[in-house]
Each structure stands twice: as C-alpha cells, then as structure tokens.
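Taking our numbering, I'd label the letters of the sequence shown as residues 31 to 193.
A virtual CB, placed ideally from N, CA and C, is assigned to each residue, including glycine.
What you are looking at is a predicted structure, and each value in this text was computed from that prediction instead of being measured.
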Amino acid sequence: MKKILKYLDLAEKAVCGGGFVLLVLLVFMSAILRFLRISMSWNIDLAMLLLAWTSFLGADIAWRSGQLIGIDILTRHLPPIIQKILSLIIYIIIFFLTCIICVYGARLVWVERLRTYQSIPIPYSVVTLSLVVATFSMALSTIGKIKKVIFSFKEEKSVEVSE
C-alpha cells in the first residue's frame, strides 16, 4: 500500500509540475501573441484548466508534506497530550470536510458534463474533476495524519509504562 501511495505521490507531483510549466508557457505565449495582434482564445481557456488542476493538486502536495501555513500561537504552550488531542480533532474535521467536498464535487462533475468551453471542446467537468481528485487525495493524506497521531498516543503510553 505504501508503494502505491508513493507512486501516486510522484505522479501527482509530475502532473502538477508539468501543468504549471505548461500554464506559464501558455500565458506567456498568449501575451506575446496578443502583442503581435494574433488572437488565440483557446490559450486562456486551457490555462484556466491547468490553473485549476495545478492549484488543487499543489494544495494536496503541500498538505501531505506539511507545507501549509499553520497557526500554533495558542496550542504550542499547551501540554503535548492536549496538542495531540487537538490535532486529532482538527484532522477528523478536515477529513469529513474533504469527504463532503469530494461528494458534492462529484455531483458537480456530473452536472457540468454537458457544458463546454467556448473555444475548446473540453467539458467544464474536467476542471471540476480536479477538485474531486485533490480532495480525495487530501482525505487519504488526512487518514495518514490521523493514524500518525493515534500511533503517537500508543508510543507515548508504552514509553511511560517502561520507565
């Protein structure tokens, strides 16, 4: 299972990185072509699609690696056991929120399946699918964080017993 998650993580990073590079190139190319008075409206639509995918996948990568901003000004002065309990509660809330977003995002994917971009024949549901994929992956990452906190409770108790 860990190998599968490792390969999914690598694939997610590759898609996110490649999408970001392509996004920058499309916007840059669009600006140059607009300066030359050549209109390519599909560039902007494709750039918006790539922006959605790279931002949502990037948020998941940041969440998994612990790179998101956290505010711990109140909790860092609490005892470690209280910090762990609060972390567990917050992770459980995040897990349920990502599940809710994933379910309603899947419904939105179904609703948007017939609506397409004006300049390219790609349905809007491809953009909305980025939200579903990212929140599903975030839910899996949150399960891992919850397991880590729960195991830290068990390790702490076994250390206390042996002392």
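According to the neighbour-count rule (16 or more other Cβ atoms, all chains shown, within 10 Å of its Cβ), is Glu193 buried or exposed? Caution is warranted here: a pLDDT of 36 is assigned to Glu193, below 50, making its placement in the model unreliable, and the coordinate value is therefore given only provisionally. Under this definition Glu193 is an exposed residue.
Going residue by residue through the region 57-104, where are the continuous alpha helix (DSSP H) segments of at least 4 residues, counting only ones entirely within it? 71-95
What residue range does the alpha helix (DSSP H) around Ile143 cover? Contrary to the premise, residue 143 reads as Arg rather than Ile in this sequence. That residue, Arg143, is in no alpha helix (DSSP H); it is neither H nor E in DSSP.
Using C-beta distances below 7 Å, list every residue in its chain close to Thr105, excluding the 5 sequence neighbours before and after it, in chain order. Gln113, Leu116
According to DSSP, Pro153 sits in a beta bridge with which residue or residues? Thr146
Give me the residue from Leu98, Gln148, Met78 with the minimum Cα distance to Ser160. Met78
At the level of alpha carbons, what is the spacing between Phe86 and Leu80? 10 Å
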